[in-house]
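K.L.:
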Amino acid sequence: MYRIGTGFDIHRLKEGRKLIIGGVEIPSDVGFDAHSDGDILFHALTDALLGAVGYGDIGQLFPDNQDKWKDADSSIFLREAGRIIKEAGYSVVNIDGFIILQKPKILPYREKIIQNTAKVLNINTNQIFIKGKTFEKIGELGEGKAGAAQVVVLLKKEENK
Ligand code: CDP
Ligand code: ZN
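Residue numbers (the numbering used here): 19 to 179.
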């Protein structure tokens, strides 16, 4: 038995913040403005995993008005989502996603992002793919005022669970 999940996230970019995507710090003048570290990929992926098993969403599990999640490393959220799907008897078949970011390019960091994500979820790198897209200078995403991530996951029910 298979289940799919989808996740999306967007955050404004501002000066004085680190740009963290997939747990990787990417050199940039601006970073995501968020209560946590603002990792759009890990937030979208957390929601996709939770959604696939109908568990809830990231905001329910980790409310952004709680002090303990201030500047939190978003791998905490993703690791917990991984634990939840496993407990529900599912494992990841594959993950595919894209990052909308006018600049910088994601490509040079892709391998690192994939490796890091695989490590947090304890899966293989060949189960994950991530790519970058600009927004063709359209609107605020295109002006580099924000970045967004969209992710799809496929889960498979483990035998004997
Ligand atoms: O060529 P097209 O309009 O489809 O895409 P683009 O947004 O102009 O981006 C061209 C290529 O740059 C993408 O296919 C990615 O390989 C790369 N890219 C990236 O690595 N990181 C970004 N933030 C944006 C684009
Ligand atoms: Zn977020």
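Positions of the beta carbon are idealized from the N, C-alpha and C atoms, including for glycine.
Treat the numbers as computed from the prediction; the structure is a model and nothing was measured.
Quick check on the contact list: which residues have their beta carbon closer than 5 Å to a heavy atom of the ligand ZN?
P.N.:
Selection output, chain order preserved: D27 and H61.
K.L.:
Is it the case that the CB of K175 approaches a heavy atom of the ligand CDP more closely than 7 Å?
P.N.:
Every heavy atom of the ligand CDP is 7 Å or more from the Cβ of K175, so no.
K.L.:
In terms of alpha-carbon separation, which member of V138, I28, N134 and P126 lies closest to I94?
P.N.:
Checked all of V138, I28, N134 and P126; the closest Cα to I94 is V138.
K.L.:
For the ligand CDP, list every residue whose C-beta falls under 5 Å from any of its heavy atoms, going in chain order.
P.N.:
Matched residues: L119, K123, I124, L125, G150, K151 and T152.
K.L.:
Which first and last residues belong to the beta strand (DSSP E) in which I113 is found?
P.N.:
First-last of the beta strand (DSSP E) with I113: Y108 to I118.
K.L.:
Since V48 contacts L31 with CB under 8 Å, what's their CB separation in whole angstroms?
P.N.:
Confirmed, about 4 Å.
K.L.:
Under a three-way DSSP split, which group does G41 fall into?
P.N.:
In this structure, G41 counts as coil in the three-state DSSP scheme.
K.L.:
Taking all protein chains shown into account, decide if I22 is buried (16 or more other Cβ within 10 angstroms of its Cβ) or exposed.
P.N.:
Answer is exposed; the Cβ neighbour count stays below 16.
K.L.:
When the Cα atoms are used, what is the spatial distance from V71 to D27?
P.N.:
Cα-Cα distance, rounded: 19 Å.
K.L.:
Work out the CA separation of Y108 and E43 for me, nearest whole Å.
P.N.:
So the two alpha carbons sit approximately 30 Å from each other.
K.L.:
Could you name the residues of the same chain whose beta carbon sits closer than 6 Å to that of V170, not counting the 5 residues immediately before and after it, in chain order?
P.N.:
The answer, listed in chain order, is T24 and D114.
K.L.:
Check for me: the alpha helix (DSSP H) holding V138 runs from which residue to which?
P.N.:
Note, V138: alpha helix (DSSP H), R128 to L139.
K.L.:
Considering only C-alpha positions, which residue in the set K88, Y20, D51 and K123 is nearest to E33?
P.N.:
Taking only the C-alpha atoms, the option nearest E33 is D51.
K.L.:
Grab the span of the beta strand (DSSP E) containing Q168 for me, first residue to last.
P.N.:
Segment A164 to K175, the beta strand (DSSP E) holding Q168.
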